[in-house]
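Remarks on the structure that follows.
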Amino acid sequence: MRLPVTAHTGRPWRIHEIAGDFRVEDVWELPTPGGPDDLEWLVRQMANGDGAHRTSPVSRLLFALRWRLGRLLGWDEPGAGLGDRVGTLRDRLPADLREGPRGPDSRGTPFTSLYLTHDEWATETANRTVHAVMHIGWVPDGAGGHRGRMAVLVKPNGPFGALYLAAIKPFRYVGVYPALLRAIGNRWQATADERNAA
46 MRLPVTAHTG RPWRIHEIAG DFRVEDVWEL PTPGGPDDLE WLVRQMANGD
96 GAHRTSPVSR LLFALRWRLG RLLGWDEPGA GLGDRVGTLR DRLPADLREG
146 PRGPDSRGTP FTSLYLTHDE WATETANRTV HAVMHIGWVP DGAGGHRGRM
196 AVLVKPNGPF GALYLAAIKP FRYVGVYPAL LRAIGNRWQA TADERNAA
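Residue numbers for the sequence shown follow our numbering, beginning at 46 and rising by one.
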């Protein structure tokens, strides 16, 4: 379920002090009901690449087109990303987050982990179009449990980056996010017994 931006900005996440110059592009409730300490399972699942680009034919097609365009137009070339075109947000982390657990890097996606706490995991990526953060928060669900919440924060690279984000928005809402949420929920349910036994 898509949520208003305030569902992210209204919580005291640590990412606010690190990425204050990024705008919140999307906020989604994840179908991951669990207990107060289950964020580690969601982080592990997402870092292992159990996402829409692997499970949905529409998403696979959209991702394949995006990577092909990126190769043709040089969006993802060395020098276009973190440490080259833009500095990593790890350089902005306060000491406690820099010295704390970083969390796993994502397999199969260009995201690099920034930090991991008991209720937050933040990762980043950059290319010639955008510098982006995926933030996963673990929040009370109002019924005695908890669940994941995903926010995507972006900093477009100039007018072209802003135009690119506007152009892909319909595809994200129709083809990517629904499949991603379905894949996350299916994988979460499939591993319920493992989580309960831990």
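Ideal Cβ positions, reconstructed from N, Cα and C, are used throughout, including at glycine. Since this is a predicted model, take the numbers as computed values, not measurements.
Check this for me: beta carbons of residue i and residue j, under 8 angstroms apart or not?
i      : j      : result
Thr162 : Gly145 : yes
Val88  : Pro149 : yes
Gly80  : His191 : yes
Ile60  : Leu138 : no
Phe67  : Val221 : no
His257 : Val131 : Given that the chain is displayed from residue 46 to residue 243, the structure contains no residue 257 and the question cannot be resolved.
Thr133 : Leu142 : no
Arg227 : Asp83  : no
Thr174 : Phe205 : yes
His182 : Trp86  : Checking the sequence shown, residue 182 turns out to be Gly, not His. No; because the gap between Cβ atoms is not below 8 angstroms, this pair is not in contact.
Ala196 : His53  : yes
What residue from the options has the CA that sits closest to residue i's CA?
i      : options                          : result
Asn172 : Leu210, Ala188 and Asp136        : Leu210
Arg194 : Asp82, Gly148 and Asp164         : Asp164
Arg152 : Gly203, Met91, Arg130 and Leu138 : Met91
Asp136 : Thr154, Tyr160 and Arg240        : Tyr160
Leu225 : Pro139, Glu62 and Trp73          : Trp73
Arg47  : Ala228, Leu75 and Trp183         : Leu75
Pro201 : Phe216, Thr170 and Pro155        : Thr170
Pro49  : Thr133, Asp71 and Arg227         : Asp71
Ala188 : Pro78, Gly65 and Pro57           : Pro78
Pro155 : Ala140, Val178 and Asp141        : Val178
Thr168 : Asp186, Val184 and Arg147        : Arg147
Gly94  : Thr51, Leu208, Trp233 and Gly203 : Trp233
Identify the continuous beta strand (DSSP E) that holds residue i and give its terminal residues.
i      : result
His53  : Here His53 belongs to no beta strand (DSSP E); instead the alpha helix (DSSP H) covers Thr51 to Thr54.
Arg194 : His191 to Pro201
Pro185 : Val175 to Pro185
List the endpoints of the continuous alpha helix (DSSP H) containing residue i.
i      : result
Ala237 : Ala237 to Ala242
What are the partner residues of residue i, as DSSP defines its beta bridges?
i      : result
Tyr160 : Ala167
Gly47  : Before going on, a small fix: residue 47 reads as Arg here, not Gly. Answer is Trp73, bridged to Arg47.
The ligand ADP and residue i: does the residue's C-beta get closer than 7 angstroms to at least one heavy atom of that ligand?
i      : result
Gly148 : By its list of ligands, the structure shown contains no ligand whatsoever, and the ligand ADP lies outside what it can speak to.
Q. Hey, which unbroken runs of the alpha helix (DSSP H) at 4 residues or more fall wholly within the segment 50 to 90?
A. 51 to 54 and 60 to 63
Q) Which ranges does the alpha helix (DSSP H) cover as unbroken runs of at least 4 residues, wholly within the segment 117 to 157, from first to last along the chain? A) 140 to 144
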